[in-house]
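In the numbering used here, the protein residues as written are 1 to 47.
For reference, the structure is listed below as structure tokens.
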């Protein structure tokens with residue numbers, strides 16, 4: 001997947017979803033961010 005994004009906006013959005021990720025977890029899957037790009041939309045989801 002390749003996409004172009006405004007760095008300051010992307011950083012701002014990553015800072016928001018980073019708060020949903022616990023600093024310590026017993027499951028590695030809970031430390032990830034799902035990124036999906038489609039047409040002109042980028043979706044970031046914290047798992």
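Glycine included, C-beta positions come from ideal geometry on N, C-alpha and C.
The model shown is predicted, which means the values in this text are computed figures rather than measured ones.
Beta-carbon spacing of residue 32, residue 46 below 9 Å: Working through the chain shown from its first residue, we reach residue 32 at position 32. Working through the chain shown from its first residue, we reach residue 46 at position 46. Against a cut-off of 9 Å, the Cβ pair of residue 46 and residue 32 comes out as a contact.
Residues bridged to residue 36 (per DSSP): Translated into the one-based positions of the chain shown, residue 36 becomes position 36. 43.
Alpha-carbon to alpha-carbon, residue 16 and residue 84: It is not possible to answer for residue 84, since the shown part of the chain is limited to 1 through 47.
Own chain partners of residue 13 with C-beta closer than 7 Å, once the 5 adjacent residues on each side are dropped: For the purposes of this step, residue 13 is identified with residue 13 of the chain shown, where counting begins at 1. These residues qualify, in order along the chain: 44.
Residue range of the alpha helix (DSSP H) that includes residue 16: Working through the chain shown from its first residue, we reach residue 16 at position 16. Here the alpha helix (DSSP H) through residue 16 covers 7-18.
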